[in-house]
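**Q** For the sequence shown, our numbering assigns the number 74 to the initial residue and increments by one for each residue that follows. Even for Gly, the Cβ is constructed at its ideal location relative to N, Cα and C.
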Amino acid sequence: QQQQQQQHHHQQQQQQQQSGTKTATPPSNNKNNSNKKARTLQPYLSNLCVDKAYRGKYIGKALVRVVEDIAVAWGYEKMFLHVDRENEAALQLYQKEGYRDVGRRWNPFWAGKAADIAYFVKKLEKTSAYE
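1. In terms of alpha-carbon separation, which member of Thr113, Gln168, Asp174 lies closest to Lys134?
2. Compare the beta carbon distance of Lys196 and Glu170 with 8 Å and say whether it is the shorter of the two.
3. Would you report the Cα separation of Ala209 and Ile132, rounded to the nearest angstrom?
4. Write down the C-beta distance between Phe37 and Leu154 rounded to the nearest angstrom, noting that I regard them as a contact closer than 8 Å.
5. For Val145, name the three-state secondary structure that DSSP assigns.
6. If you drop the 5 nearest sequence neighbours on each side, which residues of the same chain put their C-beta closer than 8 Å to that of Arg173?
7. Looking at C-alpha atoms only, which residue of Ile190, Glu198, Ala163, Val145 is the closest neighbour of Gly129?
8. Please list, in chain order, all residues of the same chain as Gln165 whose beta carbon is under 8 Å from its beta carbon, the five residues on each side excluded.
9. Name the one or two DSSP bridge partners that Tyr117 has.
10. According to DSSP, is Val137 helix, strand or coil?
11. State buried or exposed for Glu141, treating a residue as buried only when at least 16 other CB atoms are found within 10 Å of its CB.
12. Taking C-alpha atoms, which residue in Asp157, Glu161, Val175 lies nearest to Ser119?
13. CB-CB under 6 Å to Pro116, same chain, minus the five flanking residues each way: which ones, in chain order?
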């Protein structure tokens, strides 16, 4: 049975690589899981974009909240993200949603003008919407 599960998982990975998609799965709650990496994973919001024609319609806000809902449902207490400090719209969105700049900077050589990337964290809270 374990071999069948591994084979099925391998087939899913191949299909995802071929299609360019990745399925989000909750962390394992198996207490016998000795995988240290699984216990240190944290949710990270990345590459959130809204087409210019649809900005100002609270779509970005809704997407952020959906991602947070998923993280809370999976048992996480914090959400992490990086944002370009020159992107005023994104900064305002994240700050209004409770994200705080923790002062760390990421300066990748390939970032060009976006070299001053801010690291933000939000403490997630359970509300009736999460239950």
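**A** Result, derived from the coordinates:
1. Out of Thr113, Gln168, Asp174, Gln168 has the C-alpha closest to the C-alpha of Lys134.
2. No, these two residues do not count as a Cβ contact at 8 Å.
3. The displayed coordinates of the chain run from 74 to 204. Any statement about residue 209 would go beyond what the structure contains.
4. The first residue shown for the chain is 74 and the last is 204, placing residue 37 beyond what the model contains.
5. Helix, per DSSP.
6. Once the five neighbours on either side are set aside, the close Cβ partners of Arg173 are Phe193, Val194, Lys195.
7. With distances taken between Cα atoms, Gly129 lies closest to Ala163.
8. Around Gln165, the same chain offers no residue with a beta carbon nearer than 8 Å, after the five sequence neighbours per side are excluded.
9. The partner list for Tyr117 (beta bridge, DSSP) reads Phe153.
10. Looking at Val137 - three-state DSSP - the assignment turns out to be helix.
11. With a 10 Å radius around the Cβ and a threshold of 16 neighbouring Cβ atoms, Glu141 comes out buried.
12. Ranking Asp157, Glu161, Val175 by Cα distance to Ser119 puts Asp157 first.
13. The beta carbon of Pro116 is closer than 6 Å to those of Ala144, Tyr149, Met152 in its chain, skipping five residues each way along the sequence.
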